[in-house]
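Structure first, then comments.
2 protein chains.
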Amino acid sequence: MQITSRFTVALHIFTCVEVFKDDHKVTSDFLAGSINTNPVIIRKILTQLKNADLITIARGTGGITVNRPLSEITFYDVYRAIEPVENGDLFHFHESPNPECPVGRNIHMLLDGKLKAAQSAMEDELKKHTLEDLKNEALDLIASEK
Amino acid sequence: MQITSRFTVALHIFTCVEVFKDDHKVTSDFLAGSINTNPVIIRKILTQLKNADLITIARGTGGITVNRPLSEITFYDVYRAIEPVENGDLFHFHESPNPECPVGRNIHMLLDGKLKAAQSAMEDELKKHTLEDLKNEALDLIASEK
DNA sequence: ACCGTTGTAACTCTTGAAATTACAGCGCTT
DNA sequence: AAGCGCTGTAATTTCAAGAGTTACAACGGT
């Protein structure tokens, strides 16, 4: 199992918004073109980002505004906005171990902490990168192409 | 998206093998009872563990033997044996960003390293725990029940 | 009032996990 | 050598979710 591509799509969206906002109106159609997918997919992701209060979307006109300074939005914020994982658990535990078995009734207690730690390690790593980093690195890369 | 419950099932299996090996013959039926699932599910997971050279399975008689000292098998070893993630990538990247877009053709280079780092952080955390830890903690927990 | 855009519902396609049934193959045990 | 318990595995079903697509109502500048 893998984490949905919606996450990388969301990061792609933010990058496009920042790189192109002065030159184009960044619409879901425009984004769909860069990401090479369907505009509706983009709109659904934008809705999730809006619900997480990360962006504002203008109806009628179209156009996306980021609500907070880029330096205050981490990859983790985007991840949490996008991944609707139940309880936020990365690891899916088998549902109903047998309570009459000594191992079965204790297995959760044995593993939960360790799995949570592994998940947190990943999430903490995501917190290290902000959208500002992403924007700057994108601009550098594009500039160096010439 | 979540990591399959097969991973926690595999850890559950190892725990049972260690806790019960002197008292019962640990068969896929027995394990299925503790884990509360179907014996065939167990056998498939056992096959994966066998292919990864972690265990040996006796045909005819039934019974599972762990191939290495428990202290030398980490959660990560089990994870890798179980999770058939393509390329081993935790994050699924959107397939085909538009190469004609400056962002589209650079997005992989921008994100790959960061995503890999997040994945590695999680995996390194899994490497910190061995099956020996798991066994000892299980025995402690069970003993403290009485 | 028009037009470009967003918001959403409804549907399809595909994939994969999980569960289940069925049965062949293996190897002790007697 | 025959029986029995167990493993190995194929085939099938069920279910959930991601991804893509079509269609259309709602919004808001021009």
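Chains as they are written, first to last, in my numbering: chain A, 14 to 159; chain B, 14 to 159. A virtual CB, placed ideally from N, CA and C, is assigned to each residue, including glycine.
If we define contact as Cβ-Cβ less than 7 Å, is residue i a contact residue for chain B?
i, result
"A:VAL161", "Because chain A spans 14 through 159 in this model, residue 161 of chain A falls outside it and cannot be assessed."
"A:SER109", "yes"
"A:LEU154", "yes"
"A:VAL30", "no"
"A:VAL116", "yes"
"A:LEU83", "no"
"A:LEU62", "no"
"A:ASN49", "yes"
"A:PHE43", "no"
Below 8 Å on the Cβ atoms is my contact criterion, and I expect residue i with residue j to pass it. Report the Cβ-Cβ distance as a whole number of Å.
i, j, result
"A:LEU152", "A:VAL32", "7 Å"
"B:ILE58", "B:ILE86", "Going by Cβ atoms, the distance from B:ILE58 to B:ILE86 rounds to 15 Å, so no, they are not a contact pair."
Measuring alpha carbon to alpha carbon, tell me which of the options ends up nearest residue i.
i, options, result
"B:GLY101", "B:ASP146, B:LEU128, B:VAL39", "B:LEU128"
"A:ALA23", "B:ASP66, B:PHE106, B:GLU136", "B:PHE106"
"B:HIS142", "B:GLU158, B:SER84, B:GLU96", "B:SER84"
"B:LEU147", "B:ALA130, B:PHE88, B:GLU158", "B:PHE88"
"A:ASP36", "A:ALA71, A:GLY76, A:GLN61", "A:GLY76"
"A:MET122", "B:VAL39, B:GLY126, B:ALA71, B:GLU158", "B:GLU158"
"A:GLY126", "A:PHE104, A:PRO110, A:GLU108, A:LEU144", "A:PHE104"
Bridge partners for residue i per DSSP, in chain order?
i, result
"A:VAL30", "Looking at the DSSP assignment, A:VAL30 forms no beta bridge with any residue, so it has no partner."
"A:VAL79", "A:ILE68"
"B:PHE104", "A:ILE16"
"B:THR60", "BP columns for B:THR60 are empty, so no partner."
"B:THR40", "DSSP, once it has assigned bridges, lists no residue as partnering B:THR40."
When the cut-off is 7 Å and only beta carbons count, does residue i lie next to chain A?
i, result
"B:PRO186", "Any answer about residue 186 of chain B is impossible in this case: the structure gives chain B only from 14 up to 159."
"B:VAL176", "As displayed, chain B neither begins before 14 nor continues past 159, which places residue 176 of chain B out of reach and without an answer."
"B:SER18", "yes"
"B:LYS129", "no"
"B:ASN119", "yes"
### Query
Does the segment 47–63 of chain B come within contact of the segment 19–35 of chain B, defined as at least 3 CB pairs closer than 8 Å?
Enough Cβ pairs lie closer than 8 Å, so yes.
### Task
Count the CB pairs spanning the segment 27–45 of chain A and the segment 140–156 of chain A that are closer than 8 Å, and state whether there are at least three.
With the cut-off at 8 Å, the segment 27–45 of chain A and the segment 140–156 of chain A touch.
### Message
Check whether the segment 134–147 of chain B and the segment 135–143 of chain A touch, using three or more Cβ-Cβ pairs below 8 Å as the test.
### Response
Yes: at least three Cβ pairs fall under 8 Å.
### Query
Should the segment 35–47 of chain A be called in touch with the segment 108–117 of chain B, which here means at least 3 C-beta pairs below 8 Å?
Yes, since at least three Cβ pairs between the segment 35–47 of chain A and the segment 108–117 of chain B fall closer than 8 Å, the two stretches touch.
### Message
Contact between the segment 89–96 of chain A and the segment 58–69 of chain A is defined here as three or more beta-carbon pairs at a separation below 8 Å; is this criterion met?
### Response
The answer is yes - the segment 58–69 of chain A touches the segment 89–96 of chain A, with three or more Cβ pairs under 8 Å.
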